[in-house]
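Under the working numbering, the first residue of the sequence shown carries the number 426, and numbering increases by one thereafter.
Built from N, CA and C at the ideal position, the CB exists for glycine as well.
Input: a single structure, listed below in structure tokens.
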Amino acid sequence: MARVVLPTGDEAWLVTRYADVRGVLTNPLFSRAAAEAPGAPRIGHSGPGPHTILGMDPPDHTRLRRLVAQAFTARRVEELRPWIEKIANSLLFAVNVAPRPVDLIATYTLALPLKVIFELLGVDYEDRDKLHAWAEVIFSLNAHSAEAVAKARGDLNEYLRTMIDARRRKPTDDLVSALIAARDEGDKLSEDELVDFVLILLTVGHMSTANNLTSAIFSLLRHPDQLARLYENPELVPDAVEELLRYNPFTLTGTQLRVAVADVEVGGVQVHAGDAVVAALGAANHDPSVFADAGTLDLARDPNPHVAFGYGAHHCLGAQLARAEMQIGISALIRRLPNTLRLAVPEDWLTWRLGLTARSLASLPVVW
């Protein structure tokens, strides 16, 4: 437990041990709803908001989660695999014929999750650039002003409301139409909840997977022996994905901020009601009491009880889909690109995007 100052100047407790992180994420005294309330401590200029699934506690969180849970079950994701593989192969065909070096982020690791979630939601893929740009502003820590964040959120909300109105007039076979039916026919969520739910599915649904897939491939390129191991043993990809999720911290801060609603002890420290708490998933995934040689990338690590997708009620709704996209993304890459794949520039030439809530490379140039 460490007392830290957030980018906004607010203070919080940083929870780093594996057991303590899981304890915070399962304890109802640590509230996401309280963290979205007016006047609560903030990490950055923007938060998901009180009408989103990320900003709610049970039972409201449970009600919204149930509305789309069937779209993200393991069985449903398995049915989607051939379709995702088709998208990956199509993108890699373009990568193969592109001038080298090729930026894998622009051509592949961002493009794949974008196409998947946009098609699931029924969003026009031609709008991908502006939607992704708005999403990056909304989920920044301090890279953009509060005014810029508010404008991006307003622009995205206006876009989604227009799309939702169009779906009401002419429903289609996509997830947005299903949510509209739940709103209009069953009154299971409010209009604000509907708009914000689509916003979260759209933004987090592509950004998190894109960053994880990028970091995974970057780590493999940094460890050519491990990449060669996958080329020789492609059946290791599912285990490799779990290890890459553990090894690479996705968010700089861990999970979304939580606020204690009563006095509670964590890790031998008294946390008072109103205190903010950050559960650091990356630190938990490198806890040496749980993961032997935690700083070593071991693609065959077993067991691997990482918490990269969170834990408890807010365990990532799209975890199964993200796993499938990463498994397919890496499998297709080693199948379609030769084993001479390598970084096109020295590692220390690469730059990381600053001021975002997620850990993100600016580009990933490769040759072979």
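Starting from the C-beta of T451, find all residues in its chain whose C-beta is less than 7 angstroms away, skip the five residues before and the five after it, and write them out in chain order.
The residues Y736 and G737, in chain order, have a CB closer than 7 angstroms to that of T451 in the same chain once the five nearest residues on each side in sequence are set aside.
Take A757 as the anchor and find which of A744, P453, V623 and N521 has the nearest alpha-carbon.
Measuring from the Cα of A757, the nearest candidate turns out to be N521.
Give the single residue among D621, E610 and L431 whose Cα lies nearest to the Cα of P473.
In terms of CA proximity to P473, D621 leads the group D621, E610 and L431.
Pairing CB atoms from the segment 462–477 with CB atoms from the segment 731–751, are three or more of them under 8 angstroms?
Contact between the segment 462–477 and the segment 731–751 is absent: fewer than three C-beta pairs spanning the two stretches fall below 8 angstroms.
Is the separation between the beta-carbon of E667 and that of H731 shorter than 8 angstroms?
In contact: E667 and H731 (Cβ atoms closer than 8 angstroms).
Identify, in the order they occur along the chain, each residue of the same chain with its Cβ nearer than 7 angstroms to the Cβ of L766, setting aside the five sequence neighbours on each side.
Answer for L766: V791 and W793, listed in chain order.
How far does the alpha helix (DSSP H) with V562 in it reach, from first residue to last?
Per DSSP, the continuous alpha helix (DSSP H) segment holding V562 begins and ends at R553 to I563.
Near L742, which residues of its chain fall below 8 angstroms by C-beta distance, leaving aside the five closest residues on each side in sequence?
The beta carbon of L742 sits closer than 8 angstroms to the beta carbons of I478, R490, V493, A494 and F497 from its chain, once the five residues preceding and following it are set aside; these are given in chain order.
What is the DSSP secondary structure of L775, counted as helix, strand or coil?
DSSP places L775 in coil when its eight states are reduced to three.
Quick one: residues in its chain with C-beta nearer than 7 angstroms to the C-beta of P526, no 5 flanking neighbours on either side, listed in chain order?
Once the five neighbours on either side are set aside, the close Cβ partners of P526 are A769, P790, V791 and V792.
Go ahead and pull the three-state DSSP assignment for V715.
V715 falls in the coil class under three-state DSSP.
C-alpha gap between E610 and A462, whole angstroms
The alpha-carbon atoms of E610 and A462 are separated by roughly 30 angstroms.
Does the distance from the CB of H470 to the CB of H569 come in under 8 angstroms?
Judged by beta-carbon spacing, H569 lies within the 8 angstroms limit of H470, meaning their Cβ atoms are closer than that value.
Determine the contact status of E772 and R608, defining contact as a CB-CB distance below 8 angstroms.
Contact check for E772 against R608 fails: the beta carbons are separated by 8 angstroms or more.
Evaluate H697 with the Cβ neighbour count: other Cβ atoms within 10 Å of its Cβ, from every protein chain shown; 16 or more gives buried, anything less gives exposed.
The residue is exposed, with fewer than 16 neighbouring Cβ atoms inside 10 Å.
Nearest-angstrom Cα separation, counted from A444 out to E690:
Computed Cα separation, rounded: 13 angstroms.
Looking at P383: is its Cβ nearer than 8 angstroms to the Cβ of T634?
Lying before the first or after the last residue shown, residue 383 is absent from the chain, which here runs from 426 to 793.
Straight-line CA distance for G630 to D688?
Just so you know, the alpha carbons of G630 and D688 end up roughly 34 angstroms apart.
With burial defined as no fewer than 16 other Cβ atoms inside 10 Å of the residue's Cβ, what is the status of S714: buried or exposed?
By the neighbour-count rule (16 or more Cβ atoms within 10 Å), S714 is not buried but exposed.
Across which residues does DSSP place D528 in a beta bridge pair?
Paired residue(s): P790.
Specify, as a first and last residue, the run of the beta strand (DSSP E) that L431 falls within.
DSSP places L431 in no beta strand (DSSP E); its state is neither H nor E.
Here's a check: name, in chain order, each residue in its chain whose Cβ is nearer than 6 angstroms to the Cβ of L600, leaving out the five neighbours to either side.
Within the same chain, L600 has close Cβ partners A496, L545 and L546.
List the endpoints of the continuous alpha helix (DSSP H) containing A513.
Run containing A513: A499 to V522, per the alpha helix (DSSP H) assignment.
Could you please give me the residues that DSSP links to Q695 through a beta bridge?
Note: Q695 is bridge-paired with E690 in the DSSP secondary-structure output.
May I ask you to list the residues that DSSP assigns as paired with V702?
Paired residue(s): W438 and R683.
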